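In the numbering used here, the protein residues as written are 634 to 1445. Don't be surprised by glycine CBs; every beta carbon is placed ideally from N, CA and C. This one's a predicted model, so the numbers in the text were calculated from it and none came from an experiment.
Here's what the structure looks like:
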């Protein structure tokens, strides 16, 4: 039978789809009609033409079913030409390689020089070592000049750092050799630091005239030199630490001015950082001088505050020039205001806490009033003094709150009556009033900060009022009121905060309500009747919240916990034996989670049941192991019943299985069974059987189905075998690993294969070898020289390549 072949193919790689003109391979466009054969449109067109060819072939096949399908067509030449993927940029460019090599080389050379000093000390002596280092410095300096003239920046940076570093070591050797006379150690630091700094600045200025341009490493070394000189000033200037610190600050300031004048940016920035650090040290020393007599005669007559006054004046001086950014000027003015306030209020620091708090309140109020008069950013000048004063008030508030909370909470559980008085601190009657006053002062500070940031200060009213209410609530405790009154005030505050938080939908008030509720619970523990009352109120509120649908999740979580605690407390009030008290708790919680299944309720009920069982089992002073097995069995039954009654709670069956297994373990341990496998293998076999059934039914993941059972079966035995590798257990575990590997290979299951192989490997690998290599200093030096030579050569070749490339581009 003759095959019916089409006269032509629509999707032809050798013909233009528009004019059918012949095409050369990989042609981007038709030379006759100019049709573009690249891009997504060409690809879609080719796909459509292939569909047409397939349709034509289907028509032929329909005419003659015995016809053999046409052979597949060759790949088209005008398939959409994708843009060539841009070559992934290397994480390290060719210009970076010499920098890394030269940096490592410079580091190795400096390390080699330092180690050489330590090794050659006894061999060459101080003078010989200094001479050798001087030769090294000279050679490094000559190489620096050569490299800088060739314009090799990375090489010049590293060699300049090496030269200056060795030069500093030469100065140290010359001083130790006595060539510099009988100069002391700290004066030598000043001389050497300034000498190195000057040499580094000179090197930077000289390099700026060379093809390599200005160098960075000499500027960094100049900063280090100035810092070294500043460290030597305290022993050089015999006028006290504060004067020496002021001199160091002046030295850094001079270096900053010099760096700015010479256009050395890194030196300027480093010197300014050093000056800032010296200023902080001056402030610290000024604060230390306040640790003593704080009378006006001592502070101002003996000029004990002069470091703080000078520091404030320097900060104020920075705020004056208009060339400085406004933010920096405002920060400097705020610092000056803070230090000035500290100086003026220093005489009050040795007074009573009440007077100190009154001064802090005055500072907060004064700067709050000033902030309303200042424009723009200058309002922030009032922020720092207000915050510091508020922190002082915060210390008083925290101390008072800690005393109140401690007196309310730190009591023997159920040891007091409702009318017994709370232990109050022996303080003046006005001292507890600082608690609400301090809270108000802190609120005013927060309002000041919001005003400075351009926000409405009225947003502080609600949380500030709530905080003041909480502070007033703690006053009965500070004044030694009866327990029922102290706890009742906290409960009332918690209720008011809760209602307000729900109405205003304020998270901060809700957090405060939770804190006060916890405080009420802890305070009520002092009396059993108080505990029952507080728990009744909270449980009723939680049930009401769940019933009304408002904050239902919170009610679902809270009701099981507080309800269980209430049942336990009632058991105490009716004199129920301790080991029996968890039984009604478990029954009530079990009925609740079976009647109304919910994840949140189950989690909360589980936590409450755990606490109740722990209290019953351990509450008698002895471990009631039999009752623990009973309670575990009861909890397992509850979980299993819920899983059977509710289809969506099937996962609780696993929880029930775990609890029943734990009950079995407890009972086995009580009977004296000591073999670990007796505890683990039964549950492991159950898990493996369930996992194998799921795997055979079509679950394609052996890892998820078999891993729990394999882990429980192998890991406990493995831990014992690793401690005692000789014995029958090790042999059996090894055989089990072989069997698991065989099963994994036979069935194609990954879990038994990985488990058997991993555990089998751990049975063999019980120790690891280690090695220690200690490189010698000469090797470090040789490596450093080699890295430097390679880095310089690399950079030179790179520079030559760039010049050649530029020349070739110029020929175009």
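May I ask you to report which of helix, strand or coil DSSP gives residue i?
i	result
residue 1330	coil
residue 809	helix
residue 669	strand
residue 646	coil
residue 615	A question about residue 615 goes unanswered here, because the residues of the chain that appear run from 634 up to 1445.
residue 655	strand
residue 1091	helix
residue 1315	helix
residue 791	helix
residue 1115	strand
residue 1054	strand
residue 1086	coil
residue 1029	helix
residue 1076	helix
residue 850	helix
residue 1340	helix
residue 1249	helix
residue 1019	helix
residue 1048	coil
At the level of alpha carbons, what is the spacing between residue i and residue j?
i	j	result
residue 1213	residue 1167	23 Å
residue 1170	residue 1349	48 Å
residue 1161	residue 1101	30 Å
residue 1134	residue 1156	23 Å
residue 1045	residue 1059	21 Å
residue 904	residue 960	21 Å
residue 1362	residue 1289	31 Å
residue 767	residue 826	17 Å
residue 1163	residue 1114	15 Å
residue 1268	residue 1219	7 Å
residue 878	residue 866	8 Å
residue 1376	residue 1279	37 Å
residue 712	residue 671	With a pLDDT of 42 at residue 712, under the threshold of 50, the modelled position of that residue is not reliable, and no figure is offered here.
residue 1192	residue 1030	33 Å
residue 1273	residue 1286	5 Å
residue 1010	residue 896	31 Å
residue 949	residue 967	9 Å
residue 1420	residue 1371	Confidence is the limiting factor: at residue 1420 the pLDDT is only 48, short of 50, which leaves the residue's position unreliable, though a coordinate-based value still follows. Between residue 1420 and residue 1371, the C-alpha separation is close to 53 Å.
residue 978	residue 1253	59 Å
residue 822	residue 1088	53 Å
residue 1270	residue 1176	26 Å
residue 876	residue 988	34 Å
residue 975	residue 946	13 Å
residue 1245	residue 1391	41 Å
For residue i, is the classification buried or exposed, using 16 other Cβ atoms within 10 angstroms of its Cβ as the cut-off for buried?
i	result
residue 1259	exposed
residue 909	exposed
residue 1020	buried
residue 692	exposed
residue 1159	buried
residue 1040	buried
residue 1092	exposed
residue 1033	buried
Between residue i and the rest of its own chain, which residues show a CB-CB distance below 7 Å, the 5 nearest in sequence each way excluded?
i	result
residue 651	663, 666 and 668
residue 773	792, 795, 796 and 799
residue 1023	997, 1074, 1075 and 1078
residue 789	777, 780, 781, 840, 845 and 848
residue 770	796, 799, 800 and 803
residue 1172	1192, 1195, 1196 and 1199
Check whether the Cβ of residue i sits closer than 7 Å to any heavy atom of the ligand NAP, and report yes or no.
i	result
residue 1192	With respect to the ligand NAP, the structure shown offers nothing to examine, as it has no ligands at all.
Less than 8 Å between C-beta atoms, sequence neighbours within five positions excluded: which residues of the same chain meet that for residue i?
i	result
residue 1233	1186, 1189 and 1190
residue 934	With a pLDDT of only 49 at residue 934, under 50, the local geometry of the prediction cannot be trusted, and the value read off the model is given with reservation. Excluding sequence neighbours, residue 934 sits near nothing in its chain.
residue 1012	1004, 1084 and 1085
Leaving out five residues on either side along the sequence, give the residues of the same chain with a beta carbon under 6 Å from the beta carbon of residue i.
i	result
residue 1003	1015
residue 1327	1338
residue 970	1014 and 1018
residue 1026	993, 1071, 1074 and 1075
residue 1056	1040
Provide the residue span of the alpha helix (DSSP H) that contains residue i, from first to last.
i	result
residue 816	Residue 816 -> no alpha helix (DSSP H), and no H or E assigned at all.
residue 968	959-978
residue 1141	1140-1157
residue 1170	1161-1181
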